[in-house]
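Written out below as structure tokens is the structure these notes cover.
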Amino acid sequence: MKNIKIALIGNPNCGKSSLFNALTGLRQKVGNFAGITVDKKTGYLQLSRELNAHVIDLPGTYSLYPRRIDEFITFDVLLNPDNPSHPDVVVIVADASNLKRNLLFCSQIIDLKIPSIIALNMVDVARKNGLAIDTLQLAVDLGVKVIHVNAREGKGIHDLKRAIQTAIPVPERYFVEVKPLCPEVINGIKDITGVKSDYTAFQIACHYINIFCFNVEQKGKIKQLLERHQFPMAKLQGEEILKRYEKINPILERCTSQDQSKQQALDTTAKIDRILLHPVYGYLIFLLIFYLVFQAIFSWAAYPMDAIGAGFSWMQEALNKNLPQNLVTNLLVEGVLAGIGGIIVFIPQIMLLFGFISILEDTGYMTRVSFLMDRLMRKVGMSGKSTLPLVSGLACAVPAIMSTRGIENWKDRIITIMVTPLMSCSARLPVYALLISFIVPDERLFGIMNLKGLVMLGLYLLGWAMSLLVALVMKWIIKAKEKSYYLMELPIYRRPRWGNVGITMVEKAKVFVMDAGKVIITISIILWFLASFGPGTAFTDIERKYADLQPAGHATKTETEDIIKSEKLGASFAGRIGHFIEPAIRPLGFDWKIGIALITSFAAREVFVGTMSTIYSVGSTADSDFEAIRDRMRKEIDPITKKPVYSAATSFSLMIFFAFAMQCMSTVSVVRRETKSWKWPLIQMAYMTGLAYAASLLVYQLFK
Amino acid sequence: MKQPHSVVPLGKLRAGETAVIVDLEKGDLALKLMEMGLLPGEKIFVDMVAPLGDPISIKIGNYLLSLRKEEANAVLVRR
Chain A
1 MKNIKIALIG NPNCGKSSLF NALTGLRQKV GNFAGITVDK KTGYLQLSRE
51 LNAHVIDLPG TYSLYPRRID EFITFDVLLN PDNPSHPDVV VIVADASNLK
101 RNLLFCSQII DLKIPSIIAL NMVDVARKNG LAIDTLQLAV DLGVKVIHVN
151 AREGKGIHDL KRAIQTAIPV PERYFVEVKP LCPEVINGIK DITGVKSDYT
201 AFQIACHYIN IFCFNVEQKG KIKQLLERHQ FPMAKLQGEE ILKRYEKINP
251 ILERCTSQDQ SKQQALDTTA KIDRILLHPV YGYLIFLLIF YLVFQAIFSW
301 AAYPMDAIGA GFSWMQEALN KNLPQNLVTN LLVEGVLAGI GGIIVFIPQI
351 MLLFGFISIL EDTGYMTRVS FLMDRLMRKV GMSGKSTLPL VSGLACAVPA
401 IMSTRGIENW KDRIITIMVT PLMSCSARLP VYALLISFIV PDERLFGIMN
451 LKGLVMLGLY LLGWAMSLLV ALVMKWIIKA KEKSYYLMEL PIYRRPRWGN
501 VGITMVEKAK VFVMDAGKVI ITISIILWFL ASFGPGTAFT DIERKYADLQ
551 PAGHATKTET EDIIKSEKLG ASFAGRIGHF IEPAIRPLGF DWKIGIALIT
601 SFAAREVFVG TMSTIYSVGS TADSDFEAIR DRMRKEIDPI TKKPVYSAAT
651 SFSLMIFFAF AMQCMSTVSV VRRETKSWKW PLIQMAYMTG LAYAASLLVY
701 QLFK
Chain B
1001 MKQPHSVVPL GKLRAGETAV IVDLEKGDLA LKLMEMGLLP GEKIFVDMVA
1051 PLGDPISIKI GNYLLSLRKE EANAVLVRR
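First to last, the sequence lines map onto chains A and B. Residues 1 to 704 in the working numbering are what the first sequence lists, from first letter to last. Residues 1001 to 1079 in the working numbering are what the second sequence lists, from first letter to last.
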């Protein structure tokens, strides 16, 4: 059995991902290129009984000149023979309806002298636009095989597979001779590096600093060589592109014929754009679509999420009942199982959001959203593409941050990631709902407006405003890493491909569970440990105390158990930390009990409510938990001031704290996964906690 | 006032106008624009201006390209 490596490359929107899906189906996996945030999509394909292929889907790029990190990846994989993904065969996917621009990239790849084959896609769209292509002539002119495929409908895949099986030769001639542009430099680089192709040498001259495969000595030599000949890089690159187009134009004349009267695909798109990009209807439709997406991850996802929650509770209960009561069981049930539940519960939201994103991208609508929103978002240091993550953040920051992958510009993306958790997510709702009743009476303003509703709305607006404000500040602080442009193709409108949508949904859920899951489990176990263990004999003391008391018993068994639980939590490490940080949170109006809840609710904001019920030992007394906790909290008197703990000032301060603080380990974990470092999640946690502290301090001191 | 044969930056054109590219301002952006098919001599049609006034979308060759006005201004065109 032989194994070969195939790389798929091509312009964005050329149908590369569809072809990848058509070739590999579900036998694909998403990894990462070492140490970089670029997804590495690989798949497996059996070509024949003797021949297996690993297919890698390289990031789409318009030319070989890399600017962004993902373009550097494509560049390195193709030029660096030591790169583990360096292909034996390159399949260049070209969009027939956009042949001229696509041929530029094709011609560059041909000149690298790697065995290549062109998969000519979207011939159907070209035909609708009145463009007929003579594929045979095109293959002759380019010097490489050209295969017709229709990736959407899975046509031509068989031909492509068969073509790959036959040995694909290295292109014989250069499409464009670059040697005359700078003969000394090209010869010099060939001597230093041993590469054979003139064009590869030319590319090395342009980008040697960022190519990973050369050692310091080689790079030094290249540097000297370029200085000696005063290599005018930008000028030569421009000349190279012009030379390519000079050769592409006559080829297009020979190989294609254009019926000018037919521009069906483009005309239809232009017509739809008149509506979707209309100053009034355009924004209305945009609001409607985004509201639907928001509804989906906010409301629809709640059903499967509740079911998952209930399922895990049932499992925990069942295990608790049937396993011997010991430390291992406790770890398994309260630490590990709770952690796994905390991961799985995100899957409905992630799948729904990415289902929608996939549809919006497939149809071509997503680029229109950028077109509508770019000017507004640019003012605060983000781009039109930040709109969807921010709106999704209103439901949950975890899938929202995963969806920032679509933002190519590194700085725009980092800023979007940094501010998304400030949007008021659904996990804040139970916390707000609990606290709001301590501030506002259940009354209506002017008979119609629910006061509680108004406060809630205010909190949402506060989240919006703060995220835009922070984005504005970060725009000034964060330095751009790379040159980047807005320039973006507006693809023609097409029907979504449900197969692709399904694959994206599954893949994103998998990535989240595998990558972000580890951190979530770890933190979950740490939090379990902090809340379940106390220093020294603290826990056994409590148990003994109540064991002695029980015979006297005026309290029922469950009530006693609740009290034991509560006292244990107070004596646990988490309780100790709560006591320890009390002086720091006193100025915010918080006591040590709230301190404990702040620590445990780092798992997820809504845990706050559960912790409160444990602390005030109302855990299992009433069916209507929520009201029980609320009533109990209302009675809580501060031992020092002799006033209710949950005064309006404290409750308000606590709400503000939850509005701004990064009380969510899943977000931390997903930010780490998306930025590939601990740096950004830590900065984010620091600034959000700082912001929350300062704002709560201000609020408490003003209102107390 | 419309001047029929004046050379202007692309960003100055209004929706519905047709023009021919004369030159590109030198630099990395020019390279990127050329990659996207904006070459001297090519005909472009300004398809739309975004409702907020920026970016714009143009038809070049057989496709629609959207770009910000500041980027478009690196392209000099003759109407």
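Ideal Cβ positions, reconstructed from N, Cα and C, are used throughout, including at glycine.
Checklist entry - In the structure shown, what three-state DSSP assignment does A:Ser484 receive? => result Coil.
Next on the checklist: Counting only beta-carbon separations shorter than 8 Å, does A:Ala234 have a partner in chain B?
Outcome noted: yes
Checklist entry - Looking only at DSSP bridge pairs, what is A:Thr256 linked to? => result A:Ile133
Item to check | Range covered by the alpha helix (DSSP H) that runs through B:Ile1056 | outcome: Element bounds for B:Ile1056: not the alpha helix (DSSP H) but the beta strand (DSSP E), 1056-1060.
Checklist entry - If you count every other CB in all the chains shown that lies within 10 Å of the CB of A:Ala427, and 16 or more means buried, which is it? => result buried
Next on the checklist: Taking 8 Å as the threshold (beta carbon to beta carbon), is A:Ile467 in contact with chain B?
Outcome noted: Note that residue 467 of chain A is Ser in the sequence shown, not Ile. Chain B contact via Cβ: absent.
Next on the checklist: From the DSSP secondary-structure annotation, give me the bridge partner or partners of B:Met1048.
Outcome noted: B:Ser1057
Checklist entry - Per DSSP, what kind of secondary structure is A:Gln28 in: helix, strand or coil? => result In the three-state DSSP reduction, A:Gln28 falls in the strand class (E or B).
Checklist entry - Does any residue of chain A bring its CB to less than 8 Å from the CB of B:Ala1030? => result yes
Next on the checklist: Check for me: the alpha helix (DSSP H) holding A:Pro183 runs from which residue to which?
Outcome noted: 183-193
Next on the checklist: Does any residue of chain B have a CB that is nearer than 8 Å to the CB of A:Leu569?
Outcome noted: no
Checklist entry - If we ignore side chains and look at the alpha-carbon of each, how far apart do A:Asp541 and A:Ile344 end up? => result 37 Å
Checklist entry - Does any residue of chain A bring its CB to less than 8 Å from the CB of B:Ala1050? => result B:Ala1050 belongs to the set of residues whose beta carbon lies under 8 Å from a beta carbon in chain A.
Item to check | Within 8 Å, strictly: CB atoms of A:Ile272 and A:Tyr281 | outcome: Between A:Ile272 and A:Tyr281, the gap from beta carbon to beta carbon reaches 8 Å or more.
Checklist entry - So, helix, strand or coil for A:Ala552, using DSSP? => result Residue confidence for A:Ala552 is low, a pLDDT of 49 falling below 50, so the modelled location carries little weight; the figure read from the coordinates is stated next. In the structure shown, A:Ala552 sits in a helix (DSSP, three-state: H, G or I).
Checklist entry - Can you tell me the Cα-Cα spacing of A:Glu636 and A:Pro644, whole angstroms? => result 6 Å
Checklist entry - Since A:Lys145 sits in a beta bridge, which residues does DSSP pair it with? => result A:Ile117
Checklist entry - DSSP puts A:Asn3 in a beta bridge; with which residues? => result A:Asn52
Item to check | Residue range of the unbroken alpha helix (DSSP H) whose run includes A:Ala205 | outcome: 198-207
Checklist entry - Measuring CA to CA, which of A:Leu390, A:Ile114, A:Leu352 is closest to A:Glu172? => result A:Ile114
Checklist entry - What separation, rounded to the nearest whole angstrom, lies between the Cα atoms of A:Thr641 and A:Phe580? => result Computed Cα separation, rounded: 19 Å.
Next on the checklist: Quick check on A:Ile209: buried or exposed, where buried means 16 or more other Cβ atoms within 10 Å of its Cβ?
Outcome noted: exposed
Checklist entry - Is the stretch 1051-1060 of chain B touching the stretch 83-93 of chain A, taking contact as three or more C-beta pairs under 8 Å? => result no
Next on the checklist: With a threshold of 8 Å on Cβ separation, who are the neighbours of A:Lys145 within its own chain once the five nearest residues in sequence on each side are excluded?
Outcome noted: The residues are Ile117, Ile118, Ala139, Ala163, Ile168.
Checklist entry - When Cβ atoms are compared, which residues of the stretch 230-261 of chain A fall closer than 9 Å to chain B? => result Ala234, Lys235, Gln237, Gly238, Ile241, Leu242, Tyr245, Gln258
Checklist entry - What first and last residue would you give for the beta strand (DSSP E) that runs through B:Ala1019? => result In the DSSP annotation of this structure, the continuous segment of the beta strand (DSSP E) that includes B:Ala1019 starts and ends at 1018-1024.
Checklist entry - In chain A, which residues lie less than 8 Å from B:Pro1055 when you measure between Cβ atoms? => result Listed along chain A are Phe371, Asp374, Arg375, Tyr486, each with a C-beta nearer than 8 Å to that of B:Pro1055.
Item to check | Within the stretch 335-363 of chain A, ranges of the alpha helix (DSSP H) (whole runs, at least 4 residues) | outcome: 338-344, 347-363
Item to check | Status (buried if at least 16 other CB within 10 Å, exposed otherwise) for B:Ala1030 | outcome: By the 10 Å Cβ count, B:Ala1030 comes out buried.
Next on the checklist: For a contact defined as C-beta to C-beta under 8 Å, what are the partners of A:Asp198 on chain B?
Outcome noted: For A:Asp198, there are no C-beta contacts with chain B under 8 Å, since the nearest C-beta of that chain is about 20 Å from it.
Next on the checklist: Buried or exposed, going by whether 16 or more other CB atoms sit within 10 Å of the CB of A:Trp528?
Outcome noted: Buried is the call here.
Next on the checklist: Given a cut-off of 8 Å on the beta-carbon distance, is the pair A:Lys508 and A:Ile350 in contact?
Outcome noted: yes
Checklist entry - What is the C-beta distance between A:Ala338 and A:Ser524, in whole angstroms, given that I count them as a contact (C-beta under 8 Å)? => result 6 Å
Checklist entry - A:Glu489 versus chain B: which residues are under 9 Å apart at the beta carbon? => result Met1036, Tyr1063, Leu1064, Leu1065, Ser1066
Item to check | Interface residues of the stretch 88-112 of chain A facing chain B [CB-CB below 9 Å] | outcome: Asp95, Ser97, Asn98, Leu99, Lys100, Arg101, Leu104, Phe105
Checklist entry - What does a CB cutoff of less than 6 Å around A:Asp57 pick up in its chain, not counting 5 residues either side in sequence? => result Leu8, Phe20, Lys41
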